[in-house]
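K.L.:
One structure follows; several queries about it will come next.
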Amino acid sequence: MRLFTVQASWNYERMVGIGVGFATEPLLEPLRDERGDEAHRAALARAARYFNAHPYFTSFAVGAQARAERDGVPPHQVERLRQALVAPLGSMGDRLVWAGWLPATAAIGLLLVVAGHPWIGIAAFLLLYNAFHLAIRIGGLVGGWRLGLDVGRALGRRELRWGLSAAPAFAGLALGLALPVVARWGAMLVAPGAWWAVAVVGAAAFAVTRWFLPALGGLRLALALLTIGAIAEVLWP
Amino acid sequence: MSTELALLLLWGTVVGLDLVSGPQVMVARPFVAGTVAGAVLGDVAAGATVGAILELYALDVLPVGAARYPDYGPAAVAAAATAANAPLAMALGPAVGLGLVIGWIGEVAMHQLRRANARRVHRAATELEAGDAAVLRRVHWFGLWGDMLRSVTVTGLGLGAAFALRELAPPPMRLAVLAGVVVVAVGIATAAGGAFRLTGSRGAVSWLAAGVVAGLVLAVLT
Numbered sequence: 001m002r003l004f005t006v007q008a009s010w011n012y013e014r015m016v017g018i019g020v021g022f023a024t025e026p027l028l029e030p031l032r033d034e035r036g037d038e039a040h041r042a043a044l045a046r047a048a049r050y051f052n053a054h055p056y057f058t059s060f061a062v063g064a065q066a067r068a069e070r071d072g073v074p075p076h077q078v079e080r081l082r083q084a085l086v087a088p089l090g091s092m093g094d095r096l097v098w099a100g101w102l103p104a105t106a107a108i109g110l111l112l113v114v115a116g117h118p119w120i121g122i123a124a125f126l127l128l129y130n131a132f133h134l135a136i137r138i139g140g141l142v143g144g145w146r147l148g149l150d151v152g153r154a155l156g157r158r159e160l161r162w163g164l165s166a167a168p169a170f171a172g173l174a175l176g177l178a179l180p181v182v183a184r185w186g187a188m189l190v191a192p193g194a195w196w197a198v199a200v201v202g203a204a205a206f207a208v209t210r211w212f213l214p215a216l217g218g219l220r221l222a223l224a225l226l227t228i229g230a231i232a233e234v235l236w237p
Numbered sequence: 238m239s240t241e242l243a244l245l246l247l248w249g250t251v252v253g254l255d256l257v258s259g260p261q262v263m264v265a266r267p268f269v270a271g272t273v274a275g276a277v278l279g280d281v282a283a284g285a286t287v288g289a290i291l292e293l294y295a296l297d298v299l300p301v302g303a304a305r306y307p308d309y310g311p312a313a314v315a316a317a318a319t320a321a322n323a324p325l326a327m328a329l330g331p332a333v334g335l336g337l338v339i340g341w342i343g344e345v346a347m348h349q350l351r352r353a354n355a356r357r358v359h360r361a362a363t364e365l366e367a368g369d370a371a372v373l374r375r376v377h378w379f380g381l382w383g384d385m386l387r388s389v390t391v392t393g394l395g396l397g398a399a400f401a402l403r404e405l406a407p408p409p410m411r412l413a414v415l416a417g418v419v420v421v422a423v424g425i426a427t428a429a430g431g432a433f434r435l436t437g438s439r440g441a442v443s444w445l446a447a448g449v450v451a452g453l454v455l456a457v458l459t
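Residue numbers (the working numbering), protein chains in the order written: chain D, 1 to 237; chain B, 238 to 459.
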C-alpha cells in the first residue's frame, strides 16, 4: 500500500528516494531482531537516499533492496544495486507507460467519450490502464523480493521486452485513430459552419509549437491567443 | 457550503492528489475528472466535453523525471463548473480557457511544493542519514499533506474563478465563440504534436499514419 504514495515526498534533492525509503521500511523492520538496531538504521538510511525511477517501477527496487538487506548483502553492493537500477527502471517505465500504455489507453477512452459514451470510455480506460499498472507494481515488488540482487532477470523478462517494442506502435495506432475523429467532433462543436477556421488555426498552432517555438507548448500558446483576443475585445468592443 | 460545492472540492482534491502523490490510477485525466464533475452538477455532457478538450492538451504531456507539467485534474473540475448547465457553444471556450489557467497554476504550485519538500529533506538530512524511521515517515507525510493542501487550494481557486466567470463577468458572445475555436484548434494541434513526439523518434510513425488513415475513414463514416 505504501508504494501507492511513493511520490508523495518527491523533491529535487532526493527525487523519489524518501518515498522508496518509506515503502521499504516495513520490509526492513525484521532487521532489528535479525541484526540489531544499528544494522536496521543503516539499511533504512540507504533505502531513503537519492533515487529516480518511474513510480510504478520503484516496486522492483523496493523488493530487491529489501531482500538484499535482509540477506546480509554488503552495504556497498546494495548501493551499487540502487545505482544500477535507476537508469533501467526510469527509461523502461517512461517508454512503456508514459509514452506507450497511457496515451494509447487514453486515446481509446477519448474516442468513446466523443462518440457519446463517456462512462463506457472512462470505464474502459481505467480498467485497461490499471490492469497493466497494478501488474507492474505488484509484479515488481514480488519479483524484486524473490530475486534480490538478480532483479535484472525480472527486468529482462520476455513480456517486458515485447511490451517495450510494441508500446510505440500501439500508442501511435491509437492516437492516430483518435485524432481525426476528435478533430472532426471538436470542429463541429465550436464552428459547425466554419470548420475551416478550426483547421487554419490548428495548422498554424501545430507549426508554431512543432517548428517555430517548440518550447512554448500548446497550453501557453492557447493562453497567449486568448489573452490577445480578450485585449482586442476590450479595445474594439 | 452546498453539497455540490463540497463534492467538487473533494473530487478536485482527489484528482489533484492522484496526479503525483496518490495512487496514480489516472482519475486525474481530464476526461475522467471533467465527466465526474459534470455528473455532480447534473450535466455529464458538459463535463465530458470540456474534459475531452483538455485531454487533448494532456496528451502532449510526458511526466518524466523532474519535468514540470500542468495539473489538468482540478483544471477539468473548474472547466466543468464553468460549462455545466450553460449553452455549450458560449461556455466551451471560456470554460476550457479557465481550465488551462488553473492547470498552469497547479503546475506552479507543484513546483513550489517540490521545493518545500527539498527544504524539509535538507533540514532532516542528519536524522535521515542516521536511519531515523520516525523522521522518514514525518518527511514523507509532510509531502502528502502538502499536496493535499495544494490540490484543495487549486480546486478552490478554480471553482471561485468559475463562479466569477459565470455570474459576475461572462465574456461577450464574440469573444466566447472565438475562444472556443482557439481552445479546440490549439488542443488538436497539441495532441497531434504530442503524437508525433511520442512516435516519430522511435520509428512508429508508420503506425501513427495507419491510425490516422483509419481515423479519417471513421470520421467520415460516423
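Note that CB positions come from ideal geometry on N, CA and C, so glycine has one too.
Please read these numbers as outputs of a predicted model, since none were measured by experiment.
8 Å is my cut-off, CB to CB: does Phe-57 of chain D come that close to chain B?
P.N.:
As a first step, residue 57 of chain D must be located in the first sequence, where it is residue number 57. No, because no Cβ of chain B sits closer than 8 Å to the Cβ of Phe-57 of chain D.
K.L.:
Answer with yes or no whether the minimum CB distance from Trp-248 of chain B to chain D is below 8 Å.
P.N.:
The residue you call residue 248 of chain B lines up with position 11 of the second sequence. So, not an interface residue.
K.L.:
So Ala-398 of chain B is in the alpha helix (DSSP H); what residue range does that whole segment cover?
P.N.:
For the purposes of this step, residue 398 of chain B is identified with residue 161 of the second sequence, where counting begins at 1. Start and end: 370-400.
K.L.:
Using the three-state DSSP reduction, which class does Asn-11 of chain D fall into: helix, strand or coil?
P.N.:
Stepping through the first sequence from its first residue, residue 11 of chain D is reached at position 11. Note: Asn-11 of chain D maps to strand in three-state DSSP.
K.L.:
With a threshold of 8 Å between beta-carbons, can Tyr-12 of chain D be considered close to chain B, or not?
P.N.:
If you number the first sequence from 1, residue 12 of chain D lands on position 12. Closer than 8 Å: yes.
K.L.:
Just to confirm my understanding: we take Val-314 of chain B, look at its own chain, exclude 5 residues before and 5 after, and list those with CB closer than 8 Å. What are they?
P.N.:
As a first step, residue 314 of chain B is located in the second sequence; it is residue number 77 there, counting from the start. Closer than 8 Å at Cβ, skipping near neighbours: Leu-245, Trp-248, Gly-249, Val-252, Ala-270, Gly-271, Ala-274, Thr-392, Gly-395, Leu-396.
K.L.:
May I ask you to report which of helix, strand or coil DSSP gives Phe-268 of chain B?
P.N.:
In the second sequence, counting from the first residue as 1, residue 268 of chain B sits at position 31. Three-state DSSP puts Phe-268 of chain B in a helix.
K.L.:
Closer than 8 Å between beta carbons: that is the criterion. Which residues of the segment 364-396 of chain B meet it against chain D?
P.N.:
Residues passing the 8 Å Cβ filter: Leu-365, Glu-366, Ala-367, Gly-368, Asp-369, Ala-370, Leu-373, Arg-374, Val-376, His-377, Trp-378, Phe-379, Gly-380, Leu-381, Asp-384.
K.L.:
In angstroms, rounded to a whole number, what distance separates the CA positions of Ala-429 of chain B and Phe-206 of chain D?
P.N.:
Taking the first residue of the second sequence as 1, we reach residue 429 of chain B at position 192. Taking the first residue of the first sequence as 1, we reach residue 206 of chain D at position 206. Rounded to the nearest angstrom, the two C-alpha atoms are 8 Å apart.
K.L.:
Could you tell me the alpha carbon to alpha carbon distance between Ala-222 of chain D and Ala-204 of chain D, rounded to whole angstroms?
P.N.:
Taking the first residue of the first sequence as 1, we reach residue 222 of chain D at position 222. Taking the first residue of the first sequence as 1, we reach residue 204 of chain D at position 204. The straight-line gap from Cα to Cα measures roughly 12 Å.
K.L.:
Which residues in chain B sit within 9 Å of Tyr-50 of chain D, going by Cβ to Cβ distance?
P.N.:
For the purposes of this step, residue 50 of chain D is identified with residue 50 of the first sequence, where counting begins at 1. What Tyr-50 of chain D touches in chain B: nothing, since even the nearest Cβ is about 10 Å away.
K.L.:
Name the residues in the segment 401-426 of chain B whose C-beta lies less than 8 Å from a C-beta of chain D; which are they?
P.N.:
Hits within the stretch, in order: Pro-408, Pro-409, Arg-411, Leu-412, Val-414, Leu-415, Ala-416, Gly-417, Val-418, Val-419, Val-420, Val-421, Ala-422, Val-423, Gly-424, Ile-425, Ala-426.
K.L.:
Using the beta-carbon count (16 or more within 10 Å), is Trp-196 of chain D buried or exposed?
P.N.:
Reading the first sequence from its first residue, position 196 is the one you call residue 196 of chain D. It is exposed - the Cβ of Trp-196 of chain D has fewer than 16 other Cβ atoms within 10 Å.
K.L.:
Hey, does Thr-319 of chain B have any beta-carbon neighbour from chain D nearer than 8 Å?
P.N.:
What you label residue 319 of chain B is simply residue 82 of the second sequence in a count that begins at 1. So no, Thr-319 of chain B is outside the interface.
K.L.:
Pairing CB atoms from the segment 284-294 of chain B with CB atoms from the segment 100-117 of chain D, are three or more of them under 8 Å?
P.N.:
Short answer: they touch.
K.L.:
With 8 Å as the threshold, decide whether the Cβ of Pro-260 of chain B is near any Cβ in chain D.
P.N.:
The residue labelled residue 260 of chain B in the question sits at position 23 within the second sequence. So, interface residue.
K.L.:
For the alpha helix (DSSP H) holding Asp-33 of chain D, just list the boundary residues, first then last.
P.N.:
Taking the first sequence and counting its residues from 1, the one referred to as residue 33 of chain D is at position 33. Looking at the DSSP string, the run of the alpha helix (DSSP H) that includes Asp-33 of chain D is 31-35.
K.L.:
Consider the C-beta atom of Val-97 of chain D and the heavy atoms of the ligand FAD; say whether any pair is separated by less than 7 Å.
P.N.:
As far as ligands go, the structure on display features none, and thus does not contain the ligand FAD.
K.L.:
Report, in whole angstroms, the separation of the C-beta atoms of Gly-431 of chain B and Leu-296 of chain B, which I expect to be a contact under 8 Å.
P.N.:
As a working note, residue 431 of chain B is residue 194 in the second sequence. As a working note, residue 296 of chain B is residue 59 in the second sequence. Indeed, because the Cβ distance is near 5 Å, the residues count as touching under 8 Å.
K.L.:
Tell me the start and end of each unbroken alpha helix (DSSP H) in the segment 141-209 of chain D that is at least 4 residues and wholly inside, in chain order.
P.N.:
DSSP runs (the alpha helix (DSSP H)) wholly in the segment 141-209 of chain D: 152-155, 158-190, 195-207.
K.L.:
Taking Cβ positions only, does Glu-472 of chain B come closer than 8 Å to chain D?
P.N.:
What is shown of chain B runs 238 to 459, which leaves residue 472 of chain B out entirely.
K.L.:
Do the segment 146-163 of chain D and the segment 75-89 of chain D meet, that is, are 3 or more Cβ pairs less than 8 Å apart?
P.N.:
Yes, since at least three Cβ pairs between the segment 146-163 of chain D and the segment 75-89 of chain D fall closer than 8 Å, the two stretches touch.
K.L.:
For the segment 297-306 of chain B and the segment 330-338 of chain B, state whether three or more C-beta atom pairs, one from each stretch, are separated by less than 8 Å.
P.N.:
Not touching, per the Cβ criterion.
K.L.:
State the Cα-Cα distance for the pair Gly-425 of chain B and Tyr-294 of chain B, rounded to the nearest angstrom.
P.N.:
As a first step, residue 425 of chain B must be located in the second sequence, where it is residue number 188. As a first step, residue 294 of chain B must be located in the second sequence, where it is residue number 57. It should be pointed out that residue 425 of chain B corresponds to Ile in this sequence rather than to Gly. Those two C-alpha atoms are separated by around 8 Å.
K.L.:
Using alpha carbons as the reference points, say which of B:Pro-267, B:Gly-437, B:Asn-354, B:Arg-352 lies closest to Gly-172 of chain D.
P.N.:
For this step, residue 172 of chain D is matched to residue 172 along the first sequence. The candidate whose alpha carbon is nearest that of Gly-172 of chain D is B:Gly-437.
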